[in-house]
Each structure stands twice: as structure tokens, then as C-alpha cells.
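Novice: Take a look at this one; I'll ask things after.
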Amino acid sequence: MGTRPDVTRKKSLDLVTKDQFFHYHYHHHHHQYSHPQSHHQHHGIRALNLIIIISLISIFLLFAVFLIILLLRRLKSAKANGLSKSSSNNSNNNKNDKLRKFSTDSTTITFNASPDVKNRCIYGGSLGRIPTSRFIGVQVFTYKEIESATNSFSEANVIGKGRFGVVYRGILSNGTVAAIKKLDREGKQGGEREFRIQVDLLSRLHSSYLVELLGYCADQQHRILVFEFMPNGSLQQHLHPSHKQHQPLNWGTRLRIALDCARALEFLHENAVPSIIHRDFKCTNIVLDHNFRAKVSDLGLAKTVSDKINGQISMPVIGTTTGYLAPEYASTGKLSTKADVYSYGVVLLELITGRIPVDTIRPTGEHILVSWALPRLTNREKVIEMVDPALQGQFSKKELIQVAAIAAVCVQQEADYRPLMTDVVQSLVPLVKSLSTSCPSNSFRFNSRTVSPRS
């Protein structure tokens with residue numbers, strides 16, 4: 001019998017339906033098992049891309065920060081160069097209180113050995129050779145030239161004595177009057193060190209508020225420094241004369257001296273690179289020209305610090321005169337620019353009171369100037385009582401109170417409470433400018449007639 005067509009078609013349909021069923025289930029299950037795997041792969045790729053993007057952004061930000069720091073440093077350097085150029089253009093104008101052009105090396109100065117002399121230049125130690133061309137304007141003298149300038153170091157030419165030598169007045173071969181300091185090297189390493197420091201620093205530092213180094217002599221064992229001559233001597237001689245050969249300085253002159261000294265320390269602290277701590281700032285190291293304008297001398301104990309504001313170094317306490325020594329330096333040996341600020345405050349008190357820093361002849365409680373003056377500086381009535389009697393009332397009460405306030409912050413026991421010398425300069429400038437209308441510019445000494453204090 002033949003198979004029926006309907007039955008055959010039905011079987012075929014059943015086979016097709018089964019094949020489709022199995023095909024559907026196969027792909028359905030395969031999709032169920034394969035989809036999670038592809039999903040995880042896609043998620044991993046996204047995470048990897050995100051990490052790469054974050055890394056690139058971080059690198060870009062670090063590079064941007066580095067560029068910003070570099071630009072700021074260049075701007076700061078350009079600003080400093082601009083200041084030095086501007087001050088150089090105005091150095092011949094005495095009425096402008098600006099700094100002359102300066103130039104310092106940032107290398108650390110070390111002194112390990114005594115120098116030898118070859119071809120009139122210094123050798124030896126870590127300072128190395130000092131070529132004449134390195135020090136623009138500084139002349140190298142022979143011992144015979146210096147001997148001739150001082151008339152064989154005649155006692156009649158002695159104008160002062162320092163820690164390590166005697167200062168003579170001399171006339172150089174070109175007619176220039178100079179202050180010639182002959183250092184005593186016998187058994188005193190300090191004299192050798194002072195010679196090296198002053199030649200190295202003053203040959204590269206140039207400011208109208210620092211005594212200029214004209215030259216030096218290093219013939220054989222001789223060590224001699226030649227400075228510009230300051231005809232009115234030291235501030236010490238005028239404030240605390242051993243004899244009555246000097247009339248008292250008037251109030252206006254004292255203010256100008258205070259500003260000049262502040263500018264000198266500002267130059268050393270803020271403009272020199274690296275910063276320089278004078279370490280021996282006192283009245284005997286402040287000298288006066290023919291117009292009684294002050295300059296700071298004697299950098300023989302100076303030290304350099306890397307950080308202009310917070311830099312501290314540990315140093316043995318030597319050289320600094322009692323009464324000018326900052327408390328933290330005296331007790332711990334920690335030295336910073338704020339030690340100079342303290343010494344400046346003591347000098348300011350001397351200008352106000354006419355007293356010396358330590359005077360055991362005075363009554364108990366008045367031996368130490370800072371201890372006696374500090375509680376009185378904030379009391380207006382007591383401040384007026386503190387004023388140097390030699391002034392006989394010829395001063396401005398308003399200016400006195402302002403200067404007393406500056407002195408008070410400068411001699412604070414805590415170094416952090418003392419101001420920067422830049423702040424001191426900015427405080428004194430208006431006071432000195434006002435002098436042009438109240439005091440004759442050619443009057444430097446005290447006028448003997450007595451008047452009551454100006455308000």
C-alpha cells in the first residue's frame with residue numbers, strides 16, 4: 001500500500017518543528033551562557049580606559065604645577081633683577097633711598113686653610129684663587145703701597161681699633177683718602193677668617209648703605225683691607241663720646257641714621273642671595289659720611305643662610321658684643337636674620353635714649369638697656385622721660401612714639417615676633433620724609449637753644 005500524502009506531510013512538519021525547537025533552545029541557552037562573559041569583557045575594557053584617562057590627567061596636572069612653579073621663580077628672579085637695575089640708575093641721587101646694583105654668588109663660602117700668595121692673588125683653602133677680574137672695582141695693593149699710604153703705619157694716623165687689627169687713615173697713590181685696616185694674624189685665626197669673608201662678600205656686594213671695599217693686600221703674611229673713608233667716624237663716637245669733642249646729633253639726623261641702617265640690613269637680609277646675617281651689628285660698626293649719612297661696616301663675622309625668612313644656622317656665640325646679642329642666639333646658638341633685627345632694636349634704643357646697652361654704673365634695674373626700656377616703650381609719658389637729655393626737648397613727640405614702637409617690636413624676646421627689616425624701612429620712610437619740611441637739610445647737630453617737644 002502507498003503512504004498517504006497527508007501523513008507524510010505531517011511527519012515532515014513534525015521533523016521541521018522539532019529541528020526548529022532544538023535550534024531555538026540551543027541558541028537560547030548558548031546566548032544565556034555567552035552574554036555574561038562578553039558583558040564582563042566590556043566592563044573590563046571600560047575600567048582600563050578610565051584608569052588610563054585618570055593617569056594622563058594626573059600627569060598633565062603635575063606638569064602644569066611644575067610649569068607654574070618654574071614661571072613664578074623666573075618672575076621672582078626677573079623682579080629682583082629689575083630692582084637692582086632700577087637702583088643702579090639712581091645710585092648717584094642721595095635723595096632717593098634706593099639700593100644700588102648688587103650681585104652675589106649663591107655658592108656657600110667656606111674657609112679651611114690659610115692662603116698663599118702668588119702673583120698678588122690669593123690661593124689656598126676652599127676659597128681658591130681670587131682673580132683680580134672677579135672683583136670689579138677692587139684693587140690689589142702691595143704692602144709697600146699700603147706702607148706708603150699710611151706713612152709706615154704711623155700712630156698719628158690711627159683712627160680706630162677692631163677685634164683683629166688697627167684702622168689707619170691713609171692716602172692712596174691716586175690721592176684717595178682711605179680707611180686701612182691692618183689685620184693681626186699672629187695666633188688669631190679670626191683675623192684670617194675676617195679677611196677672607198670681607199674680601200669675598202664686599203667685592204661682590206654693592207650698596208650705598210654698606211662701606212665700600214676699595215681693595216686689599218695679601219703680600220706674604222700681611223692681610224690688609226682698604227675701605228672708603230668715612231670722615232665723621234662711628235656712631236659710637238657721637239652717641240657715647242669718651243670726651244666732649246662731639247656735639248650731640250639732633251633728632252632729624254638720628255632718624256636718618258636709623259633709616260640708613262635699616263636699609264643696610266634690609267639689603268643683606270632680603271636682597272642678597274643667599275641672605276646674609278651681619279652678626280655684629282652695633283654702634284661701632286655704623287660709620288658716618290660728611291653729610292652724617294650712615295653706612296654699615298665690618299662683615300667679618302657675617303654668615304650666609306639659604307632661606308631668606310626662616311633660615312636658621314647653629315653658630316658658636318663669638319664676636320657679638322654683650323647687650324646687642326639676641327636671646328635665642330645667646331642661649332641656643334641658633335642664628336637667623338632676626339638676631340640682626342634684635343641688634344638693630346638695641347641701636348634704635350641708643351639713638352632714643354643716648355644710653356649704652358650695658359651700663360653697670362647706673363642704678364639697679366637700669367644696667368641692661370633693653371630690660372629697662374622695654375616696659376616703658378608702650379607708655380607715652382615714660383617714653384618722653386627716656387629721651388636722651390642731650391636733645392633738650394628738641395624732638396617730635398609723635399615721631400618719638402612711632403620710633404619707640406618700632407624699637408619695642410625689634411627687641412622682643414621671641415624671634416618670631418620681631419619684624420622683617422623691610423617692614424622697619426617702610427615704617428621709617430614717612431618719618432624721614434616729613435623731616436624735609438620740619439628740619440633744615442644741612443643741620444645735623446644739636447641746636448643748643450631749648451624748646452618744648454613738638455607734638
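Note that UniProt numbering gives residue 30 to position 30 of the sequence shown, counting from 1, and the numbers run on in steps of one. Ideal Cβ positions, reconstructed from N, Cα and C, are used throughout, including at glycine. Values in this document were obtained by computation on a predicted structure and should not be read as measured data.
Going by DSSP, which residues form a beta bridge with Glu228?
Specialist: Ala178
Novice: Excluding sequence positions up to five away, which residues of its chain have a Cβ less than 6 Å from the Cβ of Ile276?
Specialist: Short of 6 Å from the beta carbon of Ile276, and not among the five residues preceding or following it, lie these beta carbons of its own chain, in chain order: Leu268, Ala302 and Thr304.
Novice: Pairs of beta-carbons, one from the stretch 235 to 244 and one from the stretch 275 to 291, closer than 8 Å: are there three or more?
Specialist: yes
Novice: My assumption, with CB atoms under 8 Å, is that Val177 sits in contact with Lys295. Please give the rounded CB distance.
Specialist: The pair is not a contact, with the Cβ atoms about 15 Å apart (cut-off 8 Å).
Novice: Would you mind sorting His206 into buried or exposed? The rule is 16 or more other CB atoms within 10 Å of its CB.
Specialist: A residue is called buried once 16 or more other Cβ atoms fall within 10 Å of its Cβ, and His206 is buried on that count.
Novice: Does the beta-carbon distance from Val226 to Leu214 come in below 8 Å?
Specialist: yes
Novice: How long is the line joining the alpha carbons of Ile403 and Asn291, rounded to whole angstroms?
Specialist: The residue asked about is misnamed: residue 403 is Val in this sequence, not Ile. Going from the Cα of Val403 to the Cα of Asn291 covers about 22 Å.
Novice: Report the option in Val411, Leu249, Ser297 and Ala179 whose CA atom is closest to the CA atom of Gly170.
Specialist: Ala179
Novice: For Val199, which residues of its own chain have a beta-carbon under 6 Å away from its beta-carbon, when the five flanking residues on both sides are left out?
Specialist: Tyr216
Novice: Quick one, are the C-beta atoms of Ala390 and Pro248 less than 8 Å apart?
Specialist: yes
Novice: Rounding to the nearest angstrom, what Cα-Cα distance links Arg223 and Leu420 in this structure?
Specialist: 35 Å
Novice: Does the contact criterion of 3 or more C-beta pairs under 8 Å hold for the stretch 399 to 418 versus the stretch 334 to 353?
Specialist: yes
Novice: Taking only the alpha-carbon atoms, compute the straight-line gap between Val383 and Ile368 and give it to the nearest angstrom.
Specialist: Approximately 17 Å, taken between the alpha carbons.
Novice: Return the residue from the list Leu265, Asn232, Ser203 and Leu435 that minimises the CA-CA distance to Thr422.
Specialist: Residue Leu265 is the option with its Cα nearest to Thr422.
Novice: DSSP state of Gln413, grouped into three classes?
Specialist: coil
Novice: With DSSP as the reference, please indicate the residues paired to Arg169 in a beta bridge.
Specialist: Ala179
Novice: Per DSSP, Met261 is paired with what?
Specialist: The amino acid occupying residue 261 in the given sequence is Cys; Met does not appear at that position. In DSSP, Cys261 forms no bridge with anything.
Novice: Spatial neighbours of Glu145 within its chain, please: CB distance less than 6 Å, with the 5 preceding and 5 following residues excluded, ordered by chain position.
Specialist: Closer than 6 Å at the Cβ level, and outside the excluded window around Glu145, lies no residue.
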